[in-house]
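Numbering (my numbering), first residue to last: 2 to 261.
Backbone N, C-alpha and C define an ideal beta-carbon position, used for all residues, glycine too.
Just so it is clear, the structure is predicted and the values come from calculations on it, not from any experiment.
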């Protein structure tokens, strides 16, 4: 089996890298990959895309032993400590894995003990809701990549360390764009996402990409027409994003939709 057989498993590559295949399908893909360098390269490319999707990681609960130890500290004589972050920002850092130091690693043991002692029930409720939302989002993404013709592509360009990708479901004309490591735009500027139709020289504004202070952002896109009719997507930095009719600012990142 060689690269000419790529079409036999191309629709399985995206769910394969997301761990959404049945055991027999995994065997089929891995058997093919053992003899097909082209498909191995495709898997590597889509794994790079997946690495930019932090919300695909399962939320990790606090181990029971650690929670018991923290609560024991809380019952001890602990000095009140002012918290440098809101509960919402702590929760977000907790649920989105990152190479950067999270709030659990950054906070002192005393502060953690106080947090768990005072807010344990309310915090657990918020964590449960966030975990449920993350699970639903994972299910939606898995549904997209497992749909007939579902696929992923990488975003190229951007500053050093920036990456991103797009998950596409052509059956529903939906897509998810995700970036990581992209610096926020300048003040009074915004990142605008465009569908690109090179043949007709047209660019369709499909929304603004909001990037947080850690360089992460995501945008759910529903195309007004068939996604297969577009050649790709691009992100530009615009000054008056609300009124811009076409891209006029600097291109930040772009992705090409190959014929599928």
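7 Å CB neighbourhood of residue i in its chain, flanking five on each side removed
i: residue 11; result: none
i: residue 249; result: 239
Sequence-distant residues of its chain with Cβ nearer than 8 Å to residue i (five each side left out)
i: residue 13; result: 22, 26, 29, 30
i: residue 259; result: 154
i: residue 160; result: 182, 183, 184
Beta carbon of residue i nearer than 8 Å to that of residue j
i: residue 192; j: residue 210; result: yes
i: residue 241; j: residue 253; result: no
i: residue 194; j: residue 236; result: yes
i: residue 158; j: residue 184; result: no
i: residue 197; j: residue 204; result: yes
Assumed close pair residue i, residue j - CB separation to whole angstroms, cut-off 8 Å
i: residue 164; j: residue 48; result: Not a contact, Cβ separation roughly 12 Å.
i: residue 255; j: residue 233; result: 6 Å
i: residue 44; j: residue 34; result: 6 Å
i: residue 246; j: residue 174; result: Rounded, the Cβ-Cβ distance is 22 Å, inconsistent with contact.
Cut-off 6 Å between Cβ atoms - residues of its own chain near residue i, not counting five sequence neighbours on either side
i: residue 214; result: none
i: residue 171; result: 150, 228, 229
i: residue 251; result: 238
- Message: Using 8 Å as the cut-off, can you tell me whether the region 219 to 237 makes contact with the region 179 to 198, which would need three or more C-beta pairs spanning the two stretches below that distance?
- Response: yes
- Which runs of the beta strand (DSSP E), 3 residues or longer, sit entirely within the region 133 to 220? 152 to 155, 164 to 170, 175 to 181, 191 to 198, 203 to 210
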